[in-house]
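Numbering (my numbering), first residue to last: 15 to 109.
Structure (structure tokens):
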């Protein structure tokens with residue numbers, strides 16, 4: 015896979031990185047979303063300290079990820095139970 019050298023600007027600092035061509039759009043979008051959250055927190059709370067803003071964004075992102083993981087676990091468990099139920103029904107109908 016071909017890697018691209020790109021720079022992502024977050025909180026007025028540039029970060030050089032190498033990414034797969036297929037990931038470039040996602041990485042750029044992630045940088046954009048981080049900057050939008052930083053701006054939102056700055057305006058909402060009147061905080062100018064970049065470290066505090068970055069910590070708040072990191073915390074918010076992790077909370078969102080944990081909620082998504084819990085949702086996926088519930089969905090996975092539901093699918094597992096339904097497949098087991100269907101397997102049970104199929105095995106009963108064969109007998």
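Here a beta-carbon is modelled for each residue, glycine too, at the ideal position from N, C-alpha and C. In this text, all values refer to a predicted model and were calculated from it rather than measured experimentally.
Under 6 Å Cβ to Cβ from residue i, same chain only, skipping five residues before and after it: list those, please.
i          : result
residue 30 : 21
residue 55 : 67 and 70
residue 64 : 25
residue 32 : 17 and 19
residue 28 : 21
Any heavy atom of the ligand ADP within a distance shorter than 7 Å of the CB on residue i?
i          : result
residue 92 : With respect to small molecules bound, the structure shown includes none, and the ligand ADP cannot be examined in it.
Would residue i be called buried (16 or more neighbouring beta carbons within 10 Å of its own) or exposed?
i           : result
residue 89  : exposed
residue 71  : buried
residue 108 : exposed
residue 100 : exposed
Going by beta carbon distance, what residues of the same chain come within less than 7 Å of residue i, once the five residues before and after it are set aside?
i          : result
residue 61 : 55 and 67
Would you mind reading off the limits of the alpha helix (DSSP H) that contains residue i?
i           : result
residue 108 : 64-108
Taking the beta strand (DSSP E) that residue i belongs to, which residues open and close that run?
i          : result
residue 24 : 17-24
Excluding five sequence neighbours on each side, which residues of the same chain lie with their C-beta closer than 8 Å to the C-beta of residue i?
i          : result
residue 94 : none
Whose CA, out of the options, lies closest to the CA of residue i?
i          : options            : result
residue 50 : 23, 86, 96 and 101 : 23
- request: Would you list, in sequence order, the uninterrupted alpha helix (DSSP H) runs of no fewer than 4 residues that lie entirely inside the stretch 30-64?
  value: Segments of the alpha helix (DSSP H) lying fully in the stretch 30-64: 38-59.
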